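Novice: Take a look at this one; I'll ask things after.
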DNA sequence: GCCGTTTTCGGCCCGACTGTTTTCAGTCG
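Residue numbers (our numbering): -8 to 574.
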């Protein structure tokens, strides 16, 4: 069994950490870290790039790293890494991962006290041994004790839905303060990343002190990580870290650009700024003269908006969702940025549940809620019979339901349309849960995996291919079945599935539920590039879930999706004609 | 280690905050 992209990415991340602890040239270990980040986001298996001979076309992958990737794929091992592991105990990387402990401290603890595990670090700290070390003191020691305790509270990244909710609550509180002129969420929430490391909030004000005082004094604060005149950081009781920066109005553009990230995007932007004769930071563009000297403050160029920042360095504004240094800078330079889909483009929801299976609302209630949200048509797609816990429908009940759908459709008038479909299970053995003669009577069929998600790649892929090749299946719902942070993706051969989707003209769903966001943007982008149709559906079981659509839009935008390729943007007549043209 | 319409060698972004320092290193984003 070949190593997965993520496993190889993890190895490069470990190599980067180990080299950093060893004091290796920073550009060298940063190269490994960059490679690690890139490999974790690829839409195809690394072996596919090897087969194509396109491995070194991936940004940040040169000769040395591509050779190591090949060695790992061929032998499951890497000699370079094994040698490194013999020099640096791997458990030290967990120590480096503790907030407030970086490579230098980790090495110090290891060399001076022979500490190689978090447990032994905790013991040493509680015995007061760390404070004796050079550059350490009682405060640093106490911080380390607190950070180790925080490890159990904060388990890695937070799903965007949870993070955004927490961020919105704090944002509302800040906006209500008299000193705050304006406040905005920046960082990875603004970029629409699936999971969030920490929350970044930006506030406009000339009077930061009372804002900072309020921020660190909020009831939900577990501990204060730092507090200064322009930047403060807190950890919430949930373990989530929130950073607040306060800046005057005229710096809002540079600050928003800066704190929206991503880091890689910003590095590129600042390089471009340098080429235009500016050093760019969160405060201003600072001109540099021909001799390479930065001019004094009187020459600084301030930008109140992000558009200003990009314009001053000769670029069009780039949507936050694209800012990952994944080709958006090149596209901006070439004037070929995509015309990204927006929430206003979405006219339909093609995957919704009702009380007929496990939803909480009737068909009529879902239809009215959808109309209130600006939709012109929906498809009711309750579960099929295999999904017993969800009260899935067999053929007989489906046809009963169809009568009610048709009746509601009549009641809703001419400007709103309710169609009848199903979310049919793709069974564990690869069969469909409903017969062809039942499927043929439905307007739109979503086929989904719900069970047997841990099957091997061959079986999972066979099931999906069976569904794609069924003439009645119009759309594959939440393809990998992942639940972010709780259930891993099924092991799908995306190349094979995409090929079949293209050939059979089957739509692939971006499920907007923030617990799913499936397809993930990296795969949706590849599907979109290949010319596969996409749908953005809420999979709503309730009104509240209908309002999760923005997460699906963010994901689609991260996939560079344009309205034309997303069938929810099609007017009803066009959509209806298209499904009629299919079996 | 990566990369190239200013380079195949010599570059590779930038600042805030903290704690331990007598002016700065370490960490973080």
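Backbone N, C-alpha and C define an ideal beta-carbon position, used for all residues, glycine too. Since the model is a prediction, treat every value here as computed from it, not as a measurement.
Measuring alpha carbon to alpha carbon, tell me which residue in 170, 99, -5, 414 is nearest residue 64.
Specialist: Taking the first residue of the first chain as position 1, residue 64 is located at position 73. Here the closest residue by C-alpha is -5.
Novice: Is the beta carbon of residue 504 sitting closer than 8 Å to the one on residue 468?
Specialist: Residue numbering aside, residue 504 sits at position 513 when the first chain is read from its first letter. Residue numbering aside, residue 468 sits at position 477 when the first chain is read from its first letter. Cβ distance not < 8 Å, so residue 504 and residue 468 don't count as in contact.
Novice: Tell whether a beta-carbon distance below 8 Å holds between residue 526 and residue 498.
Specialist: The count along the first chain starts at 1 and reaches residue 526 at position 535. The count along the first chain starts at 1 and reaches residue 498 at position 507. The answer is yes: Cβ separation under 8 Å.
Novice: With residue 408 as the anchor, note down where its beta strand (DSSP E) starts and where it stops.
Specialist: Translated into positions along the first chain, residue 408 becomes position 417. That run of the beta strand (DSSP E) goes 408 to 416.
Novice: So does the segment 295 to 311 actually touch the segment 521 to 539, counting three or more Cβ pairs closer than 8 Å?
Specialist: No, they do not touch.
Novice: Expressed to the nearest angstrom, what Euclidean distance is found between the alpha-carbon atoms of residue 40 and residue 276?
Specialist: As a first step, residue 40 must be located in the first chain, where it is residue number 49. As a first step, residue 276 must be located in the first chain, where it is residue number 285. Answer to the nearest angstrom: the Cα atoms are 40 Å apart.
Novice: Since residue 175 is in the beta strand (DSSP E), which residue starts that stretch and which ends it?
Specialist: Along the first chain, one-based indexing puts residue 175 at 184. Counting along the chain, the beta strand (DSSP E) containing residue 175 begins and ends at 173 to 176.
Novice: Mind checking residue 248: buried by the 16 CB within 10 Å criterion, or exposed?
Specialist: Here the question's residue 248 lines up with position 257 in the first chain. Buried is the call here.
Novice: Closest to residue 24 by C-alpha separation, out of 52, 211, 47, would be which residue?
Specialist: The count along the first chain starts at 1 and reaches residue 24 at position 33. Of the candidates 52, 211, 47, the one whose C-alpha sits nearest the C-alpha of residue 24 is 52.
Novice: Who are the near neighbours of residue 20 in its chain, counting only those whose CB is closer than 7 Å to its CB and skipping five residues on each side?
Specialist: In the first chain, residue 20 corresponds to position 29, counting from 1. Hits under 7 Å: 7, 10, 11.
Novice: DSSP three-state label for residue 13, please.
Specialist: Working through the first chain from its first residue, we reach residue 13 at position 22. DSSP places residue 13 in coil when its eight states are reduced to three.
Novice: Under DSSP, the beta strand (DSSP E) around residue 192 begins and ends at which residues?
Specialist: Residue numbering aside, residue 192 sits at position 201 when the first chain is read from its first letter. Here the beta strand (DSSP E) through residue 192 covers 189 to 195.
Novice: Answer yes if the segment 179 to 196 comes into contact with the segment 234 to 252, meaning at least three C-beta pairs across the two stretches below 8 Å, and no otherwise.
Specialist: Segments in contact, yes.
Novice: Please report the straight-line C-alpha distance between residue 170 and residue 157, rounded to a whole angstrom.
Specialist: Counting from 1 along the first chain, the entry for residue 170 is found at position 179. Counting from 1 along the first chain, the entry for residue 157 is found at position 166. Going by the C-alpha atoms only, they are around 21 Å apart.
Novice: Indicate the three-state DSSP secondary structure (helix, strand or coil) for residue 348 in the structure shown.
Specialist: Residue 348 sits at position 357 when you count from the first residue of the first chain. Coil.
Novice: Quick one: using the 10 Å Cβ neighbour count with 16 as the cut-off for buried, is residue 219 buried or exposed?
Specialist: Along the first chain, read from residue 1 onward, the residue named residue 219 stands at position 228. Label assigned to residue 219: exposed.
Novice: Taking DSSP's pairing of strands, which residues face residue 269 in a bridge?
Specialist: The residue you call residue 269 lines up with position 278 of the first chain. 278.
Novice: Give the DSSP-derived three-state secondary structure of residue 375 in the structure shown.
Specialist: As a working note, residue 375 is residue 384 in the first chain. If DSSP states are grouped into helix, strand and coil, residue 375 belongs with the strands.
Novice: Quick one: what does DSSP say residue 218 is sitting in, helix, strand or coil?
Specialist: Taking the first chain and counting its residues from 1, the one referred to as residue 218 is at position 227. If DSSP states are grouped into helix, strand and coil, residue 218 belongs with the strands.
Novice: Check whether the Cβ atoms of residue 413 and residue 433 lie closer than 8 Å to each other.
Specialist: The count along the first chain starts at 1 and reaches residue 413 at position 422. The count along the first chain starts at 1 and reaches residue 433 at position 442. Their beta carbons are under 8 Å apart, which means residue 413 touches residue 433 by this criterion.
Novice: Grouping DSSP H, G and I as helix and E and B as strand, with all else coil, what is residue 464?
Specialist: Walking along the first chain from the start, residue 464 turns up at place 473. Three-state result, residue 464: coil.
Novice: Going by C-alpha to C-alpha distance, which of 314, 454, 227, 364 sits closest to residue 535?
Specialist: For the purposes of this step, residue 535 is taken as the residue at position 544 of the first chain. Nearest option by C-alpha distance: 364.
Novice: Could you give the residue range of the alpha helix (DSSP H) that holds residue 111?
Specialist: To locate residue 111, count along the first chain from 1; it is residue 120. From DSSP, the alpha helix (DSSP H) with residue 111 extends over 109 to 117.
Novice: Here's a check: name, in chain order, each residue in its chain whose Cβ is nearer than 6 Å to the Cβ of residue 374, leaving out the five neighbours to either side.
Specialist: Here the question's residue 374 lines up with position 383 in the first chain. Counting only Cβ-Cβ distances below 6 Å, and skipping sequence neighbours, we find 348, 381, 383, 414.
Novice: From the DSSP output, in three-state form, read off residue 330 for me.
Specialist: Here residue 330 is taken as the residue at index 339 of the first chain, counted from 1. Looking at residue 330 - three-state DSSP - the assignment turns out to be coil, as it is neither helix nor strand.
Novice: Could you tell me if residue 521 is buried or exposed, where buried requires 16 or more neighbouring beta carbons within 10 angstroms of its beta carbon?
Specialist: Locating residue 521 in the first chain gives position 530, where the first residue counts as 1. Looking at its Cβ environment, which holds fewer than 16 other Cβ atoms inside 10 Å, residue 521 is exposed.
Novice: Which stretch, first to last residue, makes up the beta strand (DSSP E) that contains residue 429?
Specialist: Here the question's residue 429 lines up with position 438 in the first chain. It is not in any beta strand (DSSP E) - residue 429 instead sits in the alpha helix (DSSP H) that spans 427 to 430.
Novice: With distance defined between alpha-carbon atoms, name the residue in 266, 32, 102 nearest to residue 281.
Specialist: Walking along the first chain from the start, residue 281 turns up at place 290. It is 266.
Novice: Name, in chain order, the residues that DSSP records as bridge partners for residue 227.
Specialist: Here residue 227 refers to the residue found at position 236 of the first chain. In the DSSP output, where bridge partners are listed per residue, residue 227 has 212.
Novice: Excluding five sequence neighbours on each side, which residues of the same chain lie with their C-beta closer than 7 Å to the C-beta of residue 274?
Specialist: Stepping through the first chain from its first residue, residue 274 is reached at position 283. The residues are 242, 245.
Novice: For residue 392, count neighbouring Cβ atoms within 10 angstroms of its own Cβ and tell me buried if that reaches 16, exposed if not.
Specialist: Here residue 392 refers to the residue found at position 401 of the first chain. Its Cβ being crowded by 16 or more others within 10 Å, residue 392 is buried.
Novice: Indicate whether residue 279 and residue 270 have their beta-carbon atoms separated by less than 8 Å.
Specialist: Reading the first chain from its first residue, position 288 is the one you call residue 279. Reading the first chain from its first residue, position 279 is the one you call residue 270. Taking 8 Å as the Cβ cut-off, residue 279 and residue 270 qualify as a contacting pair.
Novice: Exposed or buried, what is residue 372 when buried is set at 16 or more other beta-carbons lying within 10 Å of its beta-carbon?
Specialist: Indexing the first chain from 1 puts residue 372 at position 381. Classification of residue 372: buried, given that the 10 Å Cβ count is 16 or more.
Novice: Tell me the residue span of the beta strand (DSSP E) that contains residue 341.
Specialist: The residue given as residue 341 occupies position 350 in the first chain. Unbroken beta strand (DSSP E) run through residue 341: 339 to 343.
Novice: Determine the DSSP secondary structure at residue 541, reduced to helix, strand or coil.
Specialist: Residue 541 sits at position 550 when you count from the first residue of the first chain. Helix, per DSSP.
Novice: Taking the continuous beta strand (DSSP E) assigned at residue 435, which residues delimit it?
Specialist: Taking the first chain and counting its residues from 1, the one referred to as residue 435 is at position 444. Run containing residue 435: 435 to 439, per the beta strand (DSSP E) assignment.
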